[in-house]
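S.K.: Please find one structure pasted underneath; my questions will follow.
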Amino acid sequence: MEKQGVDMRVSALINDTVGTLATGSYNDEDVVIGVILGTGSNAAYVEKADAIPKLEGELPKSGNMVINTEWGNFSSSCLPITEYDQALDKESLNPREQIFEKLISGMYLGDIVRRVLLKIASRSSIFGHIKRTNLKTRFILRTPDISAMHHDETPDLRIVAEKLAETLKIKDTSLETRKMVVEICDIVTSRSARLAAAGIVGIIRKIGRGTPGDKRRTVIAIDGGLFEHYAKFRQCLESTLVELLGKEASELVAVKLTKDGSGVGAALIAAAHSQYLN
């Protein structure tokens, strides 16, 4: 910036997840978790400073610190990883990394559905000759495509037929075949939403909230196109939170769409830091 003659200094360097948390808490003091559910996925939350063993030196005056979890890189033998996930990971630019993100984020859901359809096509003639389709083309089926098919409410599933023909070059499908495709979209998306909800509940439990006796309101600020635009994903995530937390505890837990939270949050943190310096 100095070489370009720009009189500017960097006051804060944050990622989109922390920015979403900052924006959410600025608008609602009960926001304690920020989550990105879009092309990628991550979560950040407010932790008590004395609960962070690796933190050395003087604790912040507020007694709290924001933790950027980078949960996208979480991996565990407990995760429901299928042959389709393994193949996607092996062919990715970062094998054995970002496993959780590859299960739940918008970048990958469409390709997981494509891989399932490819497996079906290789074992049957339901989609015709594979070579005449685009089923072997990685990432040609995007999450907006599966969202459109998943939300198709036309009697003959016309939108599903159009997406299959336009994107995958699969034409003249039967209604039963289209119903099967919708069901696959539902399975893949529901798994994503339920895993994201489990991650959120894990953080809620970590900070001692969301128990039947806890009377504090807990709000999760969420940004990202997957949560904003994919209604069935959002509905599944919300219902899973109720399932995991229980009806009583879930009544005090809310998720809130925080659009453009990353940019606004960066400005808020920079402004707060400048006041601190002054």
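If you read the sequence shown in full-length UniProt numbering, its first letter stands for residue 1, the second for the next number, and so on.
A virtual CB, placed ideally from N, CA and C, is assigned to each residue, including glycine.
Owing to the predicted nature of the structure, the values given are computational and were not obtained by experimental measurement.
Figure out for me which residue from ILE207, ILE140, ILE159, PRO155 has the closest Cα to the Cα of MET149.
M.R.: Here residue 149 refers to the residue found at position 149 when the sequence shown is read from its first residue. Measuring from the Cα of MET149, the nearest candidate turns out to be ILE159.
S.K.: With DSSP as the reference, please indicate the residues paired to LYS102 in a beta bridge.
M.R.: Locating residue 102 in the sequence shown gives position 102, where the first residue counts as 1. In the DSSP output, where bridge partners are listed per residue, LYS102 has none listed.
S.K.: Looking at the unbroken alpha helix (DSSP H) that takes in ILE84, where does it start and where does it end?
M.R.: Residue 84 sits at position 84 when you count from the first residue of the sequence shown. As written in the sequence, residue 84 is Tyr, which differs from the Ile given in the question. It spans 83-91 - the alpha helix (DSSP H) in which TYR84 sits, taken as one unbroken run.
S.K.: Between which two residues does the alpha helix (DSSP H) containing ASN27 stretch?
M.R.: Here residue 27 is taken as the residue at index 27 of the sequence shown, counted from 1. Start and end: 16-27.
S.K.: Within 10 angstroms of the Cβ of GLU23, are there 16 or more other Cβ atoms? Answer buried if so, exposed if not.
M.R.: As a working mapping, residue 23 is identified with position 23 in the sequence shown. Reading off the sequence, residue 23 comes out as Thr, not Glu. Buried.
S.K.: Kindly indicate which residue of LYS206, VAL255, GLU228 has the alpha-carbon position closest to the one of ILE67.
M.R.: Taking the first residue of the sequence shown as 1, we reach residue 67 at position 67. It is LYS206 whose Cα lies nearest to the Cα of ILE67.
S.K.: Using 8 Å as the cut-off, can you tell me whether the stretch 170-180 makes contact with the stretch 89-98, which would need three or more C-beta pairs spanning the two stretches below that distance?
M.R.: Touching, no, given that fewer than three Cβ pairs across the two stretches are closer than 8 Å.
S.K.: Using 8 Å as the threshold, is the stretch 212-223 in touch with the stretch 248-256, meaning 3 or more CB pairs across them?
M.R.: The stretch 212-223, when compared against the stretch 248-256, does touch it at the 8 Å Cβ threshold.
S.K.: Could you pull out every unbroken alpha helix (DSSP H) segment of at least 4 residues lying fully inside the stretch 105-133, listed in chain order?
M.R.: Entirely contained in the stretch 105-133, the alpha helix (DSSP H) runs reaching 4 residues are, in chain order, 106-123.
S.K.: Could you tell me the alpha carbon to alpha carbon distance between TYR26 and GLU47, rounded to whole angstroms?
M.R.: In the sequence shown, counting from the first residue as 1, residue 26 sits at position 26. In the sequence shown, counting from the first residue as 1, residue 47 sits at position 47. Rounded to whole angstroms, TYR26 to GLU47 spans 17 Å at the Cα level.
S.K.: What three-state label does DSSP hand MET149 in the structure shown?
M.R.: Numbered from its first residue, the sequence shown carries residue 149 at position 149. Helix.
S.K.: Using the three-state DSSP reduction, which class does GLU243 fall into: helix, strand or coil?
M.R.: The sequence position of residue 243 within the sequence shown is 243, counting from 1. Correct three-state label for GLU243: helix.
S.K.: How is the alpha helix (DSSP H) around ALA12 delimited, first residue to last?
M.R.: Position 12 of the sequence shown, counted from the start, is the residue given in the question as residue 12. Premise fails: ALA12 is in no alpha helix (DSSP H) and is neither H nor E.
S.K.: Express the C-alpha separation of ILE140 and ARG115 in angstroms, rounding to a whole number.
M.R.: Position 115 of the sequence shown, counted from the start, is the residue given in the question as residue 115. Position 140 of the sequence shown, counted from the start, is the residue given in the question as residue 140. The straight-line gap from Cα to Cα measures roughly 11 Å.
S.K.: Using 10 angstroms around the beta-carbon of GLU83, count the other beta-carbons present and answer buried if the total reaches 16, otherwise exposed.
M.R.: As a position in the sequence shown, residue 83 is number 83, starting the count at 1. Counting Cβ neighbours within 10 Å, GLU83 comes out exposed, since fewer than 16 surround it.
S.K.: Quick check: PHE227 and SER147, are their CB atoms within less than 9 Å of each other?
M.R.: The sequence position of residue 227 within the sequence shown is 227, counting from 1. The sequence position of residue 147 within the sequence shown is 147, counting from 1. Contact flag unset, no.
S.K.: Would you mind sorting ARG191 into buried or exposed? The rule is 16 or more other CB atoms within 10 Å of its CB.
M.R.: Locating residue 191 in the sequence shown gives position 191, counting from the first residue. Looking at its Cβ environment, which holds 16 or more other Cβ atoms inside 10 Å, ARG191 is buried.
S.K.: For LEU244, I'd like the list of residues in its chain whose CB is within less than 7 Å of its CB, leaving aside the five on either flank, ordered along the chain.
M.R.: Numbered from its first residue, the sequence shown carries residue 244 at position 244. Correct list, in chain order: ALA197, ALA198, VAL201.
S.K.: May I ask which residues mark the beginning and end of the beta strand (DSSP E) holding VAL46?
M.R.: For the purposes of this step, residue 46 is taken as residue 46 along the sequence shown, with counting starting at 1. Start and end: 41-48.
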